[in-house]
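Only one structure is covered here, and it is reproduced in the block below.
4 protein chains.
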Amino acid sequence: MSGTTSIDVTVRYAETDQMGLAYHANYLVWCDIARTEYLRERGLSYRTMEADGLLLAVVEAEVRYRASARYDDRLRIACWVRDVSSRRVEFGYAMEHAPSGRPVATARTALMALDATYAITRIPVEIRAALEPIPDPVRL
Amino acid sequence: MSGTTSIDVTVRYAETDQMGLAYHANYLVWCDIARTEYLRERGLSYRTMEADGLLLAVVEAEVRYRASARYDDRLRIACWVRDVSSRRVEFGYAMEHAPSGRPVATARTALMALDATYAITRIPVEIRAALEPIPDPVRL
Amino acid sequence: MSGTTSIDVTVRYAETDQMGLAYHANYLVWCDIARTEYLRERGLSYRTMEADGLLLAVVEAEVRYRASARYDDRLRIACWVRDVSSRRVEFGYAMEHAPSGRPVATARTALMALDATYAITRIPVEIRAALEPIPDPVRL
Amino acid sequence: MSGTTSIDVTVRYAETDQMGLAYHANYLVWCDIARTEYLRERGLSYRTMEADGLLLAVVEAEVRYRASARYDDRLRIACWVRDVSSRRVEFGYAMEHAPSGRPVATARTALMALDATYAITRIPVEIRAALEPIPDPVRL
Chain W
1309 MSGTTSIDVT
1319 VRYAETDQMG
1329 LAYHANYLVW
1339 CDIARTEYLR
1349 ERGLSYRTME
1359 ADGLLLAVVE
1369 AEVRYRASAR
1379 YDDRLRIACW
1389 VRDVSSRRVE
1399 FGYAMEHAPS
1409 GRPVATARTA
1419 LMALDATYAI
1429 TRIPVEIRAA
1439 LEPIPDPVRL
Chain P
1309 MSGTTSIDVT
1319 VRYAETDQMG
1329 LAYHANYLVW
1339 CDIARTEYLR
1349 ERGLSYRTME
1359 ADGLLLAVVE
1369 AEVRYRASAR
1379 YDDRLRIACW
1389 VRDVSSRRVE
1399 FGYAMEHAPS
1409 GRPVATARTA
1419 LMALDATYAI
1429 TRIPVEIRAA
1439 LEPIPDPVRL
Chain H
1309 MSGTTSIDVT
1319 VRYAETDQMG
1329 LAYHANYLVW
1339 CDIARTEYLR
1349 ERGLSYRTME
1359 ADGLLLAVVE
1369 AEVRYRASAR
1379 YDDRLRIACW
1389 VRDVSSRRVE
1399 FGYAMEHAPS
1409 GRPVATARTA
1419 LMALDATYAI
1429 TRIPVEIRAA
1439 LEPIPDPVRL
Chain U
1309 MSGTTSIDVT
1319 VRYAETDQMG
1329 LAYHANYLVW
1339 CDIARTEYLR
1349 ERGLSYRTME
1359 ADGLLLAVVE
1369 AEVRYRASAR
1379 YDDRLRIACW
1389 VRDVSSRRVE
1399 FGYAMEHAPS
1409 GRPVATARTA
1419 LMALDATYAI
1429 TRIPVEIRAA
1439 LEPIPDPVRL
């Protein structure tokens, strides 16, 4: 198990805007998909986590857009853990054009653990064990 | 209280696509907003209805796109009840350019009442009382 | 080449709503992805078609929701051509849970060919040749 | 003309997720709407700017989520210019619950001026004149 997980997405028509590019808010959706997959690769189902009453709510998000993405472009999104503490985890992301490796964007999101009443809670130990921080493989 | 409720929406940049028009799936979002307002004007809060365990889930949706809508266009969406029964309600919608009245689209959606376990249930009598069907004011 | 094309999508967190189900407007987005793939399997790139000045604009859409779809569910969307004329093509769709085959929804969308000025135009003959109607494999 | 522009948005059902909160990527959409209004209040139409061949593309976005927003909540989004140079403008945003003033989020986005070929270009002088930076009214 390496410290990063990658997924591929193809830019949907619905994700474009009249500028002819992928609308910028959608990058956060792709990060979200990569994050789900990161957890799944480590034996964790975010779906089950939520059903069990643990929410991971985004409290900070930052994206740096370096090159445009267009309809039908295939993008690769790499995801890793930057930092983890008892109640908070921060993920990093690097997005690139899938065939060429040309950088598209980098991002980071910080998430807080909440219980079913939206109160801040501790990340359970078995989940925290799977969230192993690594140094950023690219500069964010 | 007339039988229709109208809301205005301004087409968001996020709602456009690379064709330079409002992406077609968004019309259903606008219908949803009009439906919420229809209920509110009749003293019903869909938010409270859900909190009380009554869901209205869309089971059929149909849209006829008659003219395009573009970024920053102001649209007026009229909403009314076409038909109601013990467990189902059907809404009609007419969308037009707000200043000109030029038709943009018509639509209908049928919704089933569900309880908090997603089982089909009866529409409570006080809600049904507010859902008074009228003949379609325009041809759908 | 069979008359239908199928794609798989996994319901994104961003596609859910507070009812805990996939929001109904997103089904049209999945149909759109299936349609792109239908064309691609027949040697047509919708991206290239648009760059060449041919737009296919949705003029009618209808969805029948038969069972709910939830976060992280894997769905299979089959797509076929129901009808084609000189300026209009109608697609049918059947959506099911990918492992079980349990039906989720059916849909149809009609699209008009537009030129770069949004005027109705003829579907070029080489494109029309690829749009071969078949009888609906399931009842819509 | 003060240095900030405010808009109100009501959280749409389509903007919620299964956590029962507004999905985090939508905050960037609300910032976008506020930015359009900021320009309009200063006599600039982003729609016309684009038609004239000037694009403002988001190159950086950062959001700090401070409290949740729920379906049907009314939010007020204040927008101002933080910084402007010959080719780049940075906006700040403060989002709060509309009746109470309780903070919801802060954000900033940096945009680059692009011409119709997506090449970086200068912000025209008459547009730059309307983009007058002010000190952040709240801490971002």
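So the protein lines, in turn, are chains W, P, H and U. Counted the way the numbering used here counts, the first sequence spans residues 1309 to 1448. Counted the way the numbering used here counts, the second sequence spans residues 1309 to 1448. Counted the way the numbering used here counts, the third sequence spans residues 1309 to 1448. Counted the way the numbering used here counts, the fourth sequence spans residues 1309 to 1448. In this text, a Cβ means the ideal position worked out from N, Cα and C, and glycines have one as well. Remember, predicted model here, so these are calculated numbers, not experimental data.
Among the candidates the options, whose CA atom is the shortest distance from the CA of residue i?
i, options, result
"P:Y1321", "P:I1315, P:P1407, P:A1402 and P:Y1331", "P:Y1331"
"P:H1405", "P:R1374, P:G1311, P:A1427 and P:R1350", "P:R1374"
"W:P1445", "W:R1390, W:T1344, W:S1353 and W:E1349", "W:R1390"
"P:E1323", "P:I1341, P:R1378, P:S1314 and P:I1442", "P:R1378"
"P:S1393", "P:A1402, P:P1407 and P:A1418", "P:A1418"
"H:R1447", "H:P1432, H:P1407, H:Y1401 and H:M1420", "H:Y1401"
"H:A1424", "H:A1415, H:I1435, H:E1398 and H:A1365", "H:A1365"
"U:Y1426", "W:S1310, W:I1315 and W:M1327", "W:M1327"
"W:F1254", "W:A1421, W:L1439, W:R1382 and W:I1428", "This structure does not reach residue 1254 of chain W, given that chain W is present from 1309 up to 1448, and the question cannot be answered."
"W:E1434", "W:V1319, W:R1350 and W:S1314", "W:R1350"
"U:P1407", "U:T1313, U:T1414 and U:T1318", "U:T1318"
"P:V1412", "P:S1376, P:T1312 and P:V1367", "P:S1376"
"U:A1437", "U:G1409, U:L1352, U:L1422 and U:I1428", "U:L1352"
"W:V1367", "W:A1415, W:T1312, W:M1420 and W:P1441", "W:M1420"
"P:P1443", "P:R1416, P:A1342 and P:G1409", "P:R1416"
"W:A1342", "W:T1414, W:R1410 and W:G1409", "W:T1414"
Would you please state the rounded distance, in angstroms, between the beta carbons of residue i and residue j? I believe it to be under 8 angstroms.
i, j, result
"U:R1430", "U:R1395", "6 angstroms"
"P:D1380", "U:R1355", "4 angstroms"
"U:M1357", "U:L1383", "Between U:L1383 and U:M1357 the Cβ distance is about 26 angstroms, and since that is not below 8 angstroms, they are no contact."
"W:D1340", "P:D1325", "Not a contact, Cβ separation roughly 21 angstroms."
By the three-class DSSP mapping on this structure, what secondary structure does residue i have?
i, result
"U:A1421", "strand"
"H:V1412", "strand"
"H:V1317", "strand"
"U:I1431", "coil"
For the segment 1331-1346 of chain P and the segment 1332-1348 of chain W, state whether three or more C-beta atom pairs, one from each stretch, are separated by less than 8 angstroms. Put simply, the segment 1331-1346 of chain P does not touch the segment 1332-1348 of chain W. Fewer than three CB pairs are less than 8 angstroms apart.
Would you check if the segment 1361-1378 of chain U and the segment 1359-1371 of chain H touch, i.e. whether three or more CB-CB distances between them fall below 8 angstroms? no
In chain order, each alpha helix (DSSP H) run of at least 4 residues that lies wholly inside the segment 1326-1405 of chain H: 1334-1349 and 1354-1359
Could you tell me whether the segment 1338-1352 of chain W touches the segment 1376-1392 of chain W, using the rule of 3 or more Cβ pairs below 8 angstroms? yes
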